[in-house]
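Below is one structure; the comments refer to it alone.
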Amino acid sequence: MDATEYSRNIEINVVTAYLPDQSEPDAHRFVFSYHISITNHNADSVQLLSRQWRITDGNEHVQEVEGEGVVGEKPVIEPGQTYEYTSGTVLATEVGSMQGAYRMTAADDTPFETPIPAFTLAQPNALH
């Protein structure tokens, strides 16, 4: 599953994967990875300062996650450059979704938020 969003000339692309070797379906533990590419289509650099996630499982249980940076970094993304990282989440159901936002700052220190598109997390063949 993948999703793409453009906002303030920032392109966010998400590709997800189910991780069967880390999952335990009988114990209601479904592990997913998500690979995110953030491309800066602006004339000036931007810096990612923090992120906010809303993770919803198939039972409509919602988990809100906020934190500084991503994977321990607060990357500066130069014009035309792409920053990529991979992270993951654990759900109690075989299907769920995530969406959120990155808090960023422009080169002139103007803060802004870039939405992260909603994307589906699903065990293969869980969605018909």
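In this text, residue positions in the sequence shown follow the working numbering: the first is 2, and each later residue adds one. Cβ coordinates follow ideal geometry from the N, Cα and C atoms, glycine included.
According to DSSP, residues forming a beta bridge with residue i
i: glycine 68; result: Arg52
i: aspartate 58; result: Gly97
i: threonine 153; result: With the chain covering only 2 through 129, there is no way to say anything about residue 153.
i: serine 34; result: Ala18 and Gly89
Between the CA atoms of residue j and residue i - distance to the nearest angstrom
i: tyrosine 19; j: glutamate 61; result: 19 angstroms
i: glutamate 79; j: glutamine 48; result: 9 angstroms
i: arginine 30; j: alanine 119; result: 21 angstroms
i: glutamate 67; j: methionine 99; result: 13 angstroms
i: alanine 107; j: valine 16; result: 26 angstroms
i: methionine 2; j: glycine 97; result: Caution applies to methionine 2, whose pLDDT of 46 falls short of 50 and renders its modelled position unreliable; the model cannot decide the point.
i: asparagine 43; j: arginine 104; result: 16 angstroms
i: arginine 55; j: glycine 101; result: 6 angstroms
i: threonine 57; j: glycine 81; result: 33 angstroms
i: asparagine 41; j: leucine 50; result: 15 angstroms
i: isoleucine 11; j: glutamine 53; result: 16 angstroms
i: threonine 121; j: alanine 93; result: 14 angstroms
i: glutamine 23; j: glycine 70; result: 25 angstroms
i: isoleucine 39; j: aspartate 27; result: 35 angstroms
i: phenylalanine 33; j: arginine 9; result: 28 angstroms
Whether residue i touches residue j by CB criterion (8 angstroms)
i: glutamine 64; j: glutamate 95; result: no
i: threonine 83; j: isoleucine 13; result: no
i: serine 46; j: valine 77; result: yes
i: glutamate 85; j: histidine 36; result: yes
query: Can you find at least 3 beta carbon pairs, one from the region 83 to 92 and one from the region 104 to 116, that sit closer than 8 angstroms?
result: no
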